[in-house]
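These notes are about the structure you will find just below.
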Amino acid sequence: MTLEVGVLGYRFMGKAHANALARLPTFFPDAPDVERRVLVGRDEDALESAADRLGFTEVATDWRDVVDDVDVFYNLGPNHVHVEPSIAALKADTPVLCEKPLAPTLEGAERMAAAAVAADVPAGAAFNYRFVPAIQHAKELLEAGELGDIHHVRGRYLQDWLVDPDEPWSWRTDEELAGSGALGDLGSHTVDLLRFLVGDDDLAGEIERVSGHLQTFVDERPVAGDDETRPVTVDDAYSAQLEFATGAMGTLEASRFARGHKNDHTIEIHGSAGSLRFSLERLNELELLREGDRGYETILVTDADDPYVDRWWPPGHVLGWEHTFVHENYEFLRAIDEDRAFEPGFADGLAAQRVLAAIDLSDTRGEWVELSRLG
Ligand code: SOE
Numbered sequence: 067m068t069l070e071v072g073v074l075g076y077r078f079m080g081k082a083h084a085n086a087l088a089r090l091p092t093f094f095p096d097a098p099d100v101e102r103r104v105l106v107g108r109d110e111d112a113l114e115s116a117a118d119r120l121g122f123t124e125v126a127t128d129w130r131d132v133v134d135d136v137d138v139f140y141n142l143g144p145n146h147v148h149v150e151p152s153i154a155a156l157k158a159d160t161p162v163l164c165e166k167p168l169a170p171t172l173e174g175a176e177r178m179a180a181a182a183v184a185a186d187v188p189a190g191a192a193f194n195y196r197f198v199p200a201i202q203h204a205k206e207l208l209e210a211g212e213l214g215d216i217h218h219v220r221g222r223y224l225q226d227w228l229v230d231p232d233e234p235w236s237w238r239t240d241e242e243l244a245g246s247g248a249l250g251d252l253g254s255h256t257v258d259l260l261r262f263l264v265g266d267d268d269l270a271g272e273i274e275r276v277s278g279h280l281q282t283f284v285d286e287r288p289v290a291g292d293d294e295t296r297p298v299t300v301d302d303a304y305s306a307q308l309e310f311a312t313g314a315m316g317t318l319e320a321s322r323f324a325r326g327h328k329n330d331h332t333i334e335i336h337g338s339a340g341s342l343r344f345s346l347e348r349l350n351e352l353e354l355l356r357e358g359d360r361g362y363e364t365i366l367v368t369d370a371d372d373p374y375v376d377r378w379w380p381p382g383h384v385l386g387w388e389h390t391f392v393h394e395n396y397e398f399l400r401a402i403d404e405d406r407a408f409e410p411g412f413a414d415g416l417a418a419q420r421v422l423a424a425i426d427l428s429d430t431r432g433e434w435v436e437l438s439r440l441g
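Letter by letter, the sequence shown follows residues 67 to 441 of the working numbering.
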């Protein structure tokens, strides 16, 4: 059976997922057959050319006409269009893959997660970095107890695309449209990855309390193609301290102003028996230090028995950022075909959103916030 896919959004994430769907027949022939059927957007002219470029057979300008007419709905639009179309699709029993963060607000994420519970179809949160082979290898090592008891967890996501004050205003700089800035756009990835790697009760457990700090460095930006400016109403950067259920300590930060860092999502974990370090800018590598080592060793995670690698190329023929979307799409579509849950689901999206909301609230209050007190 061929799954007919409807996709809302055709820019950055539309391209990443359309490319991923196009790769599946060659590299993951056991994936369900998929037809990129309808591409949804508001601008009809841009939509037609995007549909041609991304391999879709139809276009639509209203998601309401699509969500109950396809086998799978991908919500790849800006954050402010995540809630309603995803809930409508789930109410029509259409499986949904929604880009991160789940919603601009905690309230929206709660409504989406509730709709996913009520629906009996997969509802995925597109945290693609869970599908990096090196990250999955790190999870295998952690769950095998190779690092021992977890003491420190550190995650930072550094970019520099907004350090120029003349970089134009966009939906990502507006609280109404995005919900938050670096906190939601980048922090959601880091929170999800830490939950994926050390969230088990016998590692660090869930995040229980946070202390947060948000900062906006440039508070208005030019509007592209216009001589007016608009206010920036979100954070340009955030930092946070976390306490996990086991007492493990976490340190998080993200910035859009970290000059020289382009897409530097770095995770460091220190345990009683060792440490590991991963950076997205060197995503085929995992740095590892175990009992008795004097320093880190760098492992190239591209062997045939490393997660997903045998589907691609021989050892050392490295993978890239786009491959994480292929792995994510493969697992999501298989979950649909086999009628089972997909992780990360909307519950994971909501769990990340709760941490983000607590960090934001802590910044507002100037004190630590217990997640259990978020209501
Ligand atoms: C921000 O520039 C961004 O595109 C995020 O929105 C993505 O989620 C991240 O994977 C790369 O950076």
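The beta-carbon is built from N, C-alpha and C at its ideal position, and this holds for glycine as well.
Since the model is a prediction, treat every value here as computed from it, not as a measurement.
Which of helix, strand or coil does DSSP assign to residue 281?
-> What you label residue 281 is simply residue 215 of the sequence shown in a count that begins at 1. DSSP places residue 281 within a strand segment (E or B) once states are collapsed to three.
Closer than 7 Å: is that where the CB of residue 379 sits relative to any heavy atom of the ligand SOE?
-> To locate residue 379, count along the sequence shown from 1; it is residue 313. It does not: the Cβ of residue 379 is nowhere closer than 7 Å to a heavy atom of the ligand SOE.
Beta-carbon gap between residue 320 and residue 248 smaller than 8 Å | As a first step, residue 320 must be located in the sequence shown, where it is residue number 254. As a first step, residue 248 must be located in the sequence shown, where it is residue number 182. Taking 8 Å as the Cβ cut-off, residue 320 and residue 248 qualify as a contacting pair.
Which of the three DSSP states, helix, strand or coil, is assigned to residue 140?
-> Translated into positions along the sequence shown, residue 140 becomes position 74. If DSSP states are grouped into helix, strand and coil, residue 140 belongs with the strands.
Is there at least one non-hydrogen atom of the ligand SOE closer than 7 Å to the beta-carbon of residue 225?
-> Residue 225 sits at position 159 when you count from the first residue of the sequence shown. Correct: residue 225 has its Cβ closer than 7 Å to the ligand SOE.
To which residues does DSSP link residue 331 through a beta bridge?
-> What you label residue 331 is simply residue 265 of the sequence shown in a count that begins at 1. 223.
Should residue 118 be counted as a contact of the ligand SOE given a C-beta to heavy atom distance under 7 Å?
-> If you number the sequence shown from 1, residue 118 lands on position 52. Relative to the ligand SOE, residue 118 has its C-beta separated by 7 Å or more from all heavy atoms.
Cα-Cα separation, residue 240 to residue 298 = Locating residue 240 in the sequence shown gives position 174, where the first residue counts as 1. Locating residue 298 in the sequence shown gives position 232, where the first residue counts as 1. One C-alpha to the other measures close to 6 Å.
Note down, in chain order, each residue of its chain lying with its Cβ closer than 8 Å to the Cβ of residue 231, except the 5 sequence neighbours on either side.
-> Position 165 of the sequence shown, counted from the start, is the residue given in the question as residue 231. Within its own chain, the residues whose Cβ lies closer than 8 Å to the Cβ of residue 231, once the five positions on either side in sequence are excluded, are 284, 287, listed in chain order.
Excluding the 5 residues preceding and the 5 following residue 101 in the sequence, name in chain order all residues of the same chain whose CB lies nearer than 6 Å to its CB.
-> For the purposes of this step, residue 101 is identified with residue 35 of the sequence shown, where counting begins at 1. Closer than 6 Å at Cβ, skipping near neighbours: 68, 70.
Does the Cβ of residue 268 have 16 or more other Cβ atoms within 10 Å, making it buried, or fewer, making it exposed?
-> For this step, residue 268 is matched to residue 202 along the sequence shown. Looking at its Cβ environment, which holds fewer than 16 other Cβ atoms inside 10 Å, residue 268 is exposed.
Check the C-beta distance from residue 335 over to residue 213 and give it rounded, since I have them as a contact under 8 Å.
-> One-based indexing of the sequence shown puts residue 335 at position 269. One-based indexing of the sequence shown puts residue 213 at position 147. Between residue 213 and residue 335 the Cβ distance is about 6 Å, and since that is below 8 Å, they are a contact.
Looking only at its own chain, which residues have a Cβ that is under 6 Å from the Cβ of residue 129, when we skip the five neighbours before and after it?
-> Reading the sequence shown from its first residue, position 63 is the one you call residue 129. Once the five neighbours on either side are set aside, the close Cβ partners of residue 129 are 74, 106, 151.
Please indicate yes or no: does the CB of residue 78 lie closer than 7 Å to some heavy atom of the ligand SOE?
-> By one-based count along the sequence shown, residue 78 stands at place 12. For residue 78, the shortest separation between its Cβ and any heavy atom of the ligand SOE lies below 7 Å.
How would you label residue 161, buried or exposed, when you count the other beta carbons within 10 angstroms and need 16 or more for buried?
-> Mapped onto the sequence shown, residue 161 falls at position 95. Residue 161 comes out buried.
Do you know offhand how far residue 289's Cα is from residue 236's?
-> Looking up residue 289 in the sequence shown gives position 223. Looking up residue 236 in the sequence shown gives position 170. If you take the alpha carbons of residue 289 and residue 236, they lie about 8 Å apart.
Whether residue 277 touches residue 314 by CB criterion (8 Å) = Here residue 277 corresponds to residue number 211 of the sequence shown, with the count starting at 1. Here residue 314 corresponds to residue number 248 of the sequence shown, with the count starting at 1. Result no, Cβ atoms of residue 277 and residue 314 do not sit closer than 8 Å.
Reduced DSSP secondary structure (H/G/I, E/B, other) of residue 269 = Taking the first residue of the sequence shown as position 1, residue 269 is located at position 203. Per DSSP, reduced to three states, the secondary structure at residue 269 is coil, with no helix or strand assignment.
State the DSSP-derived secondary structure class of residue 99, mapped to helix, strand or coil.
-> Locating residue 99 in the sequence shown gives position 33, counting from the first residue. Three-state DSSP puts residue 99 in a strand.
Member of 421, 211, 415 whose CA lies at the smallest distance from the CA of residue 183 | Residue mapping note: residue 183 aligns to position 117 of the sequence shown, counting from 1. Comparing Cα positions, the closest option is 415.
Give me the Cα-Cα distance between residue 317 and residue 215, rounded to the nearest whole angstrom.
-> What you label residue 317 is simply residue 251 of the sequence shown in a count that begins at 1. What you label residue 215 is simply residue 149 of the sequence shown in a count that begins at 1. Taking the straight line joining both Cα atoms gives about 17 Å.
May I ask you to report which of helix, strand or coil DSSP gives residue 297?
-> The sequence position of residue 297 within the sequence shown is 231, counting from 1. Shown here, residue 297 sits in a strand according to DSSP, grouped into three states.
Taking all protein chains shown into account, decide if residue 401 is buried (16 or more other Cβ within 10 angstroms of its Cβ) or exposed.
-> One-based indexing of the sequence shown puts residue 401 at position 335. Its Cβ being crowded by 16 or more others within 10 Å, residue 401 is buried.
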